[in-house]
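Okay, so here's the structure we're looking at.
Numbering (full-length UniProt numbering), first residue to last: 1 to 756.
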């Protein structure tokens with residue numbers, strides 16, 4: 001059969017095939033058969049229904065996480081892969097069905113080309129571009145196919161895990177209330193616990209950077225060792241998780257002209273806090289959630305005088321101090337009740353019995369004591385500090401991500417309390433109780449060896465170095481460690497020490513566990529109502545993506561319905577979607593006649609036809625008959641040519657154009673007869689200098705039988721007929737029209753020719 005097919009291509013006419021069925025015999029099935037069972041067809045059908053799996057997705061909105069939901073969520077990860085496959089299976093089938101429907105009722109080839117080429121978004125764009133067709137069908141198909149990738153991405157992005165927050169009011173207690181006064185009755189109670197906690201607060205890593213920036217040579221190295229971000233995070237709370245209150249005047253953006261403006265507490269830089277001990281809370285929930293509340297707080301602030309000579313001051317003003325005389329202050333002062341505790345610094349209040357009332361403005365003044373003041377110093381130098389109080393409103397946020405985490409609280413914003421003056425002069429740290437509290441402070445973290453600085457003394461000298469000291473065989477007396485510091489920096493550090501001690505004196509046990517609040521002292525604790533936000537992980541839907549996915553799904557369902565509906569009304573077998581359908585009634589294929597109601601797929605499965613190899617040749621099929629040169633022949637009558645093209649002719653039909661020197665046309669099998677031709681006429685036009693037509697036989701360099709000269713006609717489509725004599729053109733031969741000329745422009749256009 002392969003030889004016969006080759007002969008057909010060579011001869012250009014059908015031949016009788018050896019295996020044609022005899023009359024009455026057919027290779028096609030004589031009656032309907034059941035549909036074939038195909039595994040891959042079943043898989044294709046299943047894929048088409050995969051988008052149905054997304055139907056439960058909208059119902060997951062707001063639902064808590066579950067194993068069933070996680071399974072759907074993970075399955076959606078396959079959407080970008082499977083969705084375009086299902087979309088192409090459904091919409092591609094609709095496009096082929098519409099093409100068959102349109103072909104059955106009559107349409108143009110361009111529409112069929114667009115429809116049959118529409119199997120993906122890219123193939124649709126390519127078909128429209130290649131066919132140069134921008135029609136309603138092309139635009140509609142491009143819009144529909146764009147929902148294929150969009151739908152897959154939409155399903156993937158339609159559902160996400162989000163947080164659902166439910167808010168409710170929640171009551172808390174804190175210690176102490178801002179109006180509770182000073183805990184004078186705590187001066188000797190639980191001192192062992194107070195000393196331990198005071199020392200722990202001084203030695204904690206989150207205390208190293210407080211009030212140290214710009215005044216410590218070690219600050220940069222310490223921050224580099226801990227990490228700036230880590231130091232900022234650690235400093236928000238004390239070692240027991242109680243949140244600290246920032247010193248409002250040290251925050252970025254603070255302005256005394258706008259005292260009631262809320263200031264954000266930075267989270268990316270180290271903040272100075274008013275105390276090393278934070279504010280403990282009672283009633284914090286143990287389940288996951290966020291707390292936000294606003295509460296009042298207060299802390300002491302100091303304004304200190306310049307440093308002065310301690311001994312000279314005491315000698316000049318005998319009896320000025322309540323607890324110390326000149327002989328009591330020396331380089332190695334010991335606590336009277338326990339001489340193993342040593343301190344090189346002292347703190348004391350004015351002796352009101354002697355009428356003294358010194359202050360930072362006047363260190364020797366006398367009169368009634370009206371505000372809190374004290375002196376701090378050592379054997380060499382001292383300073384008098386006035387005590388004030390700053391009242392603030394603090395916005396606090398507490399976060400507990402999971403039940404396994406600890407509730408972490410921090411100050412988020414702060415401002416001066418509008419109902420209180422700032423700073424408010426102290427009127428509570430006066431009298432005997434204040435004296436016991438202040439004079440006992442140096443011994444809360446004292447030294448056990450004479451001649452060595454205590455932890456508190458080291459901390460005041462350089463907080464970035466912590467409470468430690470370098471071991472040395474010599475004495476380590478205080479010299480200029482305090483006097484070389486800027487006075488505001490020293491006052492700030494000393495105020496932190498005082499605030500830390502007062503926080504401990506209230507109730508040291510509440511620092512460790514707020515649940516240990518004695519019932520008898522609950523009146524001294526503040527109450528605040530917070531907003532508790534309970535956060536739960538739920539499935540959430542993105543509306544735009546969900547709408548896109550639903551639209552894509554609706555298009556697929558509509559396409560499936562339309563495909564089924566059109567298939568019910570189409571009577572023509574599907575001959576467009578398979579090349580086997582094109583073999584019907586072909587004289588060049590070894591196929592039995594009939595089978596007109598079979599689709600292309602069915603013809604292929606039944607016939608198993610063979611298409612022979614097509615071998616290219618310059619000879620082409622055998623010529624049916626010789627060409628008559630004595631009747632008008634169109635110039636585009638060509639068996640072979642080089643470098644020429646055709647275009648629409650003003651006289652109708654086509655003409656040969658774009659002729660250059662050396663181009664030629666071969667006309668095969670021209671029969672000039674025995675008498676031969678004696679003249680040649682050509683219809684030509686030229687807008688250049690023209691050229692010549694050489695008439696040659698056998699080849700483009702063969703026998704020259706005539707030459708016609710073409711001159712300009714003034715326009716490429718203004719034609720005239722030129723004639724020239726011919727000699728020696730007899731018999732049957734291949735005619736070569738060879739074009740010659742000079743110049744860089746085209747020579748002329750050629751419409752028709754005729755011999756006579």
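A virtual CB, placed ideally from N, CA and C, is assigned to each residue, including glycine.
Since we're looking at a predicted model, the values are computed, not measured.
Can you tell me where the beta strand (DSSP E) holding residue i begins and where it ends?
i, result
"residue 539", "526-541"
"residue 284", "It is not in any beta strand (DSSP E) - residue 284 carries neither H nor E in the DSSP assignment."
"residue 348", "346-348"
"residue 202", "Residue 202 -> not in any beta strand (DSSP E); alpha helix (DSSP H) instead, spanning 191-203."
"residue 315", "Taken as a continuous stretch (DSSP letters only), residue 315 belongs to no beta strand (DSSP E), being part of the alpha helix (DSSP H) at 310-316."
"residue 241", "Premise fails: residue 241 is in no beta strand (DSSP E) and is neither H nor E."
"residue 356", "Segment: none, residue 356 is in no beta strand (DSSP E) and carries neither H nor E."
"residue 710", "703-710"
"residue 411", "408-416"
Checking the sheet assignment: what are the DSSP bridge partners for residue i?
i, result
"residue 298", "391"
"residue 625", "Bridge partners of residue 625: none, in fact."
"residue 377", "346, 382"
"residue 722", "682"
"residue 657", "645"
"residue 447", "342"
"residue 650", "Paired residues: none, contrary to the question."
"residue 636", "Residue 636 is not bridged to any residue."
Using beta-carbon positions only, say whether residue i and residue j come within less than 9 Å of one another.
i, j, result
"residue 686", "residue 747", "yes"
"residue 445", "residue 198", "yes"
"residue 492", "residue 269", "no"
"residue 292", "residue 533", "yes"
"residue 630", "residue 739", "no"
"residue 124", "residue 114", "yes"
"residue 239", "residue 149", "no"
"residue 276", "residue 201", "yes"
"residue 497", "residue 344", "no"
"residue 387", "residue 426", "yes"
"residue 706", "residue 756", "no"
"residue 499", "residue 299", "yes"
"residue 653", "residue 729", "no"
"residue 69", "residue 539", "yes"
"residue 391", "residue 175", "no"
"residue 367", "residue 357", "yes"
"residue 287", "residue 161", "no"
"residue 537", "residue 163", "yes"
"residue 657", "residue 642", "no"
What span of residues does the alpha helix (DSSP H) with residue i cover, start to end?
i, result
"residue 254", "Run containing residue 254: none; DSSP gives neither H nor E here."
"residue 173", "Not the alpha helix (DSSP H): residue 173 falls in the beta strand (DSSP E), residues 159-174."
"residue 92", "79-105"
"residue 505", "487-506"
"residue 461", "455-461"
"residue 69", "67-75"
"residue 130", "121-131"
"residue 439", "431-440"
"residue 109", "109-116"
According to the neighbour-count rule (16 or more other Cβ atoms, all chains shown, within 10 Å of its Cβ), is residue i buried or exposed?
i, result
"residue 506", "buried"
"residue 383", "buried"
"residue 556", "buried"
"residue 471", "With a pLDDT of 47 at residue 471, under the threshold of 50, the modelled position of that residue is not reliable, and the figure given next carries that caveat. So residue 471 ends up on the exposed side."
"residue 122", "exposed"
"residue 374", "buried"
"residue 443", "buried"
"residue 406", "exposed"
"residue 490", "buried"
"residue 67", "exposed"
"residue 313", "buried"
"residue 434", "buried"
How close, in whole Å, do the beta carbons of residue i and residue j come, if the pair is a contact with beta carbons under 8 Å?
i, j, result
"residue 423", "residue 349", "Wrong, their Cβ atoms sit about 19 Å apart, outside the cutoff."
"residue 169", "residue 529", "6 Å"
"residue 670", "residue 734", "7 Å"
"residue 566", "residue 98", "7 Å"
"residue 749", "residue 684", "7 Å"
"residue 634", "residue 716", "With 8 Å as the limit, residue 634 and residue 716 do not qualify as a contact, their Cβ atoms being about 18 Å apart."
"residue 576", "residue 105", "Contact flag wrong, Cβ pair sits at about 13 Å."
"residue 311", "residue 279", "No, residue 311 and residue 279 are not in contact; Cβ-Cβ is about 41 Å, not under 8 Å."
"residue 385", "residue 398", "At roughly 35 Å, the Cβ-Cβ gap does not stay under 8 Å, so residue 385 and residue 398 are not in contact."
"residue 393", "residue 412", "12 Å between Cβ atoms; not a contact."
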